[in-house]
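This report refers to the structure that appears directly beneath it.
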Amino acid sequence: MKNFDSEKHVRGESLFLDDIPIPEGTLHAHVCYSKIAHGTNLRIDTSEALKMNGVHAIFTAKDIPGENQIGNIVLDEELFGAHGVHFVGQPIAVVVADTPFNARYASEAIIVEVDKLPVITDPRVAQSKNELIVPPIKFLLGNTEQAWKECDVIVSGVAESGGQEHLYLETQCALAMPTEGGVKIISSTQSPTAVQRVTARVLDMPMHKIEVDVIRLGGGFGGKEDQATPWAAMAALAATKLHRPVKLVLHRQDDMRMTGKRHPYSSDFKIGLKKDGMIHAYEVSFYQNAGAACDLSPPVLSRSLFHCTNSYFIPNVSAVGYCCRTNLPPNTAFRGFGGPQGMFVIESAIAKAAEVMKIDRHVIQKKNLLNEGDEFPYGQKTEQCQTRTSWNALEKKISVDKVRSDIEKFNSSNQWKKKGFALMPICFGISFTNTMMNQASALVHIYTDGSVGISTAAIEMGQGVNMKIVRTAERVFSIPIDWIRIETTNTTRIANTSPTAASSGADLNGKATYFACVELLKRLKKLAAEELKQEDEAKIEMRNGVIFNSGKETELAWKKLITVAHQKRISLSEHHHYATPKIHFDVKTSKGHPFAYHVFGTALIQATVDCLRGIYEIDSVDAVHDFGMSLHPAVDLSQAEGGIMQGIGWMTLEEVVYNSEGKLLTDALSTYKVPDIQFAPKRVRVDFLENSENTFGPFNSKAIGEPPFMYGIGAFFAIREAMKAFRPDQEFQFKAPVTSERVLTSLYSKVAALEPSLQ
Amino acid sequence: MEKEQTIQCIINDRTVSTDANPNMVVLDFLRGDQRLMGTKEGCREGDCGACTILVGELNNGVMDYKSVNSCLMPLGDADGKHLITIEGTNLHDQLNPIQQAFVDEGGTQCGFCTPGFLMSFTGYCMNAQSPSVENAVRSLDGNICRCTGHPPIKKAAAKIIERITAHPSTNGKSNLQRLVEQKVLPPYVSTIPEQLKALHRSDGTLADVKEQTHIVSGGTDLYVQRAFTMVREGGKRISQQKKQPVIWEEGNAIHCSGMTTVEEFQRSDLIRSLIPKIEVFAALFGSTPIRNRATLAGNIVNASPIGDMTSLLLALDASLVLRDGTQSRTISLRNFYKGYKQIDKTKNEIVETIILPKPKHPRLINFEKVSRRRYLDIASVNSAMVISLDGNKIMYAHVTAGGVFATPLYLARTSEYLTGKEISSDTISQAVSFIQQEIKPISDARGSSDYKRLLARQVFLAHILTFFPDLSLSKELM
């Protein structure tokens, strides 16, 4: 199946923002940021920096014509620190110079001073001081208080998951050009409307004076949903002040220091089971490390609660989430959007229960899988539930008993190397949980030569949404695929867009495209019927660019029909707005029907730990995933595999480390390690779940972006099982990522401290 | 800064002459001056591979291409060479088989890393005498893809290797000729050797290094640590003066030019006979493009406590020939390190030669490295060990450890203790105690000091278990 984007990528011909020829006279911006995590009485001295070679201007908070405010949910984040600073990496000024180098040198000459204040990096400390960004969020189902009395086994514990750097290969960037009375911004954002809205607020301009255009992103993963905005706003501020185009491209290290990441969580759990392994009650408290400002933290936290029971039915659930303000960069959206953090805790709780009950973890998992019609803690009931079908399909392709016995055999014959495995079912809700955001629109033009151009709100960032939209139009029109082109995403063509996020890009924009194309097709069929003198329009069909009449090929081809339509003054353009039907959610009661549908699947992950060195390999991933009826199997498969590896990375290698002063220690690719090609498992086999349909997706397809990420959680438990095989009597913490340091120090925690004096 | 000569090189199919700053990195020249935008900037520290290009030069009349991180290569080093970027691999009217396989297997998503992967892969195809999927995948050790997680890229690799090995090389043809015939490379590549010969080249005498702050050889660390200073102030680039052979035999020793790259080192037959497992060890040093540029001398004078090559060279009892103009002196590497980033070398001296003595008796060599990620990572702790046995008795042992002290560390007391001892669990326990006394790790991004202490013990045990797999360790070491 064709993939236009890929064909450009492999020739090095795709244009990313940094590749566009810059307009004449473009200046370059560099951001000066705080080196201190928390301080007040901010003093900025730019006098020396201004004298430096090539410098045109330096802008700070006082140069902002509108509001110095980039917050979206809560207005609590300044574009530039004005009076104080709240995290290391908080922007303070932007230097504009003739070259990127000169802007950078000058930035180093800006003197920034603050009176230091105490620094909080731990969410539990923040919660204890009542540093909450929004009030606690609570989900309740059944009655846990009563339920505990009915349980045979109750275990409790703590589970912690770390942050995760997005590491989109293309760093944050923007290019702003003054227009008549306004500004045009080319931005690398998942959310053009957020860029437009915030820039309008900062510049004190109406939104119609600000045009935002997006070609494609070199990776986003959520990191460019809210956090692409400040760089665009800064470039726009400088461009309008200086009447010159201004380009701002973050250096990798600056990007890593200034931008937020996946939220680290510390959580308390308590789980109660019946003797037969049925989970009866579950209580969980999430302490979310939100960082210094709200950003998207509350909806991320909500999603942790939405997915706190993962694929399991638990009749009594009590979940609470605290959105804790700390002095770290504001953490933000990242593939899974809080879902993975929520699921990690229930999986930890099940693992601990299994250990106490001395049964296999997967036995409890399987027993408690959701059935059709089961209620989630948020009130929605499962429909077209595929938890058991996917689990059973996986067991059919790979025998869990055989995996278990092979591993036992291996472990008993190897002293230092131990293997482990884990099953990981997933159930992920599709829709923005903020119902309002579930809307999109498409503008479809058919040009007089028959070629088609489509604009939507979707941003192409590697997930293949453009190809899926092309496929949608291709299937409606039945014309050769290379007659269809997806235009850039532009706020003047498609207004008031929702971000391309929540895995919903292809669903929402695909549906909008579908209806726009159907409307155009209706017009064209009517015309064709007239031309062919066929009274029954239903007998007119398009087949690969040719019109068929009562099943017979005619002389009338697509291109000719379009010419006739234009001559007859029939509109060849259509704009269609789509809003997901049926969904609703009441934030006061935490009940409703927030998701259009769910995506299901099950994976089995195997790992080998070298218990001498503390290093490990992920041996294999076998999964059966619910793609619905895939619109582009190659794109979907690559998405699934990439998601799984990113999830495995989050659980294993990837560790975001801040010191107690709030300084990021893992601020480069030399210290922050993501999976590389040799870390990828020898076998990754993702099978398509058969017979899964979904009326809410274009042509019965399902969203793909986020759900597979959560299979990666299985890697943590597979490694843990291997560690247990080496130290059967030892208890291990539920602390991710399970880095090689954590593995080794856990395995040898009972070894006397190795101090020179003791030897 | 002294006046530099015009740089002349061939970029893809065009000869380019430029007076641009020779200290700027090739990446900026390609994108800024040449508008070859397929080469991407991802990290500027050789850790992502998005900027990978191929650099070719004539060696004995044959083109020799290496994958290189263009973000770490000074433009001056391009003089007289052929650079191939992604644009230079494009065929006019179709995708080449590597490109096609990446498309078919979903090996590209956002596309930002893609050109770098393709360049590394192309470089592998140019160099592999008998291509294999396993080695092809290894050659991508310097590239990171954040979208696909790499499984689709592995599938693409398998497909390409299958295709290019389907018709075994027609006799006598070079890899390059074959790849041109298979349409992996465009036809112009065959004409490069003649064109390169026609380029003007500087004479290659090793200039006096006085007054230069930094001597740049591979630049793989200088351009990471001091990228902006290097571009602004420049350094003395010496790699253009490199003479072949870089490794030779002299008396009872193997001599390596200071400018020997890690890749040349591990591919050398002389070195392979001296360190039979060097290929396995070297795979853990940096990445293919880094190893193609990083030099032995660079690793040594860098004095990083965690240098991988230094750890190995210390165990092998290497000595250095330092030259200051016409004066030269020889010093043991074990006496070279004086403190954190302090070395026994004057500003004007360069490490001309590294001398590796040949063993008088059979010996075993092992190298261990534990890092967060197995490949393309900096070690938390590394260690090398050389041991020679007389029956069950240790004739001599040399143990080193990196990442646990202010300098690369030769564990002198541990090594001395082991000499003359019988191999036994007790000896090992005692040696572990000596190691703990000799090391002094600190906590940093690569691990806590406690972890490094534990690791120092574990890698030593790993040496022992590699040499003596049947030895049972005492309970307190388990």
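Quick mapping for you: the protein sequence lines, in order, are chains A and B. Terminal number for the first sequence in our numbering: 817, no gaps in between. Terminal number for the second sequence in our numbering: 467, no gaps in between. Yeah, the Cβ is synthetic: ideal placement off N, Cα and C, and Gly gets one too. Being a predicted model, the structure only gives us computed values, none of them experimental.
Three-state secondary structure (DSSP) of residue i
i	result
Gln331(B)	strand
Glu453(A)	helix
His420(A)	helix
Tyr91(A)	strand
Pro373(A)	coil
Gly397(A)	helix
Leu73(A)	coil
Tyr436(A)	coil
Asp197(B)	A caution first: Asp197(B) carries a pLDDT of 49, below 50, which makes its placement in the model unreliable, though a value can still be read off. Coil at Asp197(B), not helix or strand.
Phe792(A)	strand
Gln817(A)	A caution first: Gln817(A) carries a pLDDT of 38, below 50, which makes its placement in the model unreliable, though a value can still be read off. In the structure shown, Gln817(A) sits in coil (DSSP, three-state: anything other than H, G, I, E or B).
Ala395(B)	coil
Pro483(A)	strand
Thr78(B)	helix
Arg800(A)	helix
Asp63(A)	helix
Met265(A)	helix
Ser234(A)	The sequence shown places Ala at residue 234(A), not Ser. Looking at Ala234(A) - three-state DSSP - the assignment turns out to be strand.
Ile87(B)	helix
Asp258(B)	helix
Short Cβ contact (7 Å threshold) for residue i with residue j
i	j	result
Thr612(A)	Gly568(A)	no
Gly754(A)	Cys485(A)	Residue identity check: residue 754(A) is Phe in the sequence provided, not Gly. Their beta carbons are not under 7 Å apart, which means Phe754(A) does not touch Cys485(A) by this criterion.
Ile195(A)	Leu359(A)	yes
Leu579(A)	Val622(A)	no
Glu222(B)	Lys144(B)	no
Pro120(B)	Thr154(B)	yes
Arg383(A)	Ala95(A)	no
Ala125(B)	Ile87(B)	no
Leu303(B)	Leu322(B)	yes
Glu76(B)	Gly70(A)	yes
Lys332(A)	Asp432(A)	no
Leu582(A)	Leu619(A)	yes
Cross-strand partners of residue i (DSSP beta bridge)
i	result
Lys475(A)	Asp668(A)
Tyr674(A)	Val667(A)
Glu171(A)	Arg101(A)
Gln346(A)	Tyr323(A), Cys381(A)
Ile598(A)	Asn607(A)
Glu46(B)	Asp53(B)
Val502(A)	Ile512(A), Glu632(A)
Glu341(A)	Lys328(A), Ser376(A)
Legend entry - the region 196 to 206 of chain A in contact with the region 380 to 397 of chain A per 3-pair CB rule at 8 Å: no
Inset, instruction - Name, going along the chain, the residues of the region 70 to 87 of chain A whose beta-carbon falls closer than 8 Å to a beta-carbon of chain B. - result: Gly70, Glu71, Ser72, Leu73, Phe74, Asp76, Asp77, Pro79
Inset, instruction - Give a yes or no on contact between the region 180 to 199 of chain A and the region 346 to 366 of chain A, applying the rule of three or more CB pairs nearer than 8 Å. - result: yes
Inset, instruction - Could you tell me whether the region 88 to 100 of chain A touches the region 159 to 168 of chain A, where touching means 3 or more Cβ pairs closer than 8 Å? - result: yes
Inset, instruction - Give the residues from the region 533 to 549 of chain A that approach chain B closer than 8 Å (Cβ to any Cβ), ordered along the chain. - result: none
Inset, instruction - Report the residues of the region 344 to 365 of chain B with a CB closer than 7 Å to any CB of chain A, ordered along the chain. - result: Val359, Arg361, Arg362, Arg363, Tyr364, Leu365
Inset, instruction - Say whether the region 546 to 553 of chain A touches the region 267 to 284 of chain A, bearing in mind that this needs 3 or more beta-carbon pairs closer than 8 Å, one atom from each stretch. - result: yes
Legend entry - Under 8 Å (Cβ pairs) to chain B, residues found in the region 723 to 739 of chain A: Leu723, Thr724, Ala726, Leu727, Ser728, Thr729, Lys731, Val732, Pro733, Asp734, Ile735, Gln736, Phe737, Ala738, Pro739
Inset, instruction - Compile a chain-ordered list of the residues in the region 214 to 235 of chain A whose CB is closer than 7 Å to at least one CB of chain B. - result: Leu225, Tyr226, Leu227, Glu228
Inset, instruction - Using a Cβ-Cβ cut-off of less than 9 Å, give me the residues of the region 768 to 797 of chain A that come near chain B, in sequence order. - result: Thr797
Legend entry - Contact set between the region 392 to 417 of chain B and chain A, restricted to residues whose Cβ is under 8 Å from the partner: none
Legend entry - Inter-stretch contact (C-beta, 8 Å, three-pair minimum) for the region 108 to 117 of chain B and the region 351 to 363 of chain B: no
Inset, instruction - Taking a Cβ distance cut-off of 9 Å, strictly less, list which residues of the region 139 to 150 of chain B are near chain A, in chain order. - result: His139, Pro140, Pro141, Ile142, Lys143, Ala146
Inset, instruction - Answer yes if the region 444 to 452 of chain A comes into contact with the region 678 to 693 of chain A, meaning at least three C-beta pairs across the two stretches below 8 Å, and no otherwise. - result: yes
Inset, instruction - Give, in chain order, every residue of the region 32 to 64 of chain B whose Cβ lies closer than 7 Å to some Cβ of chain A. - result: Cys32, Arg33, Glu34, Asp36, Cys37, Ala39
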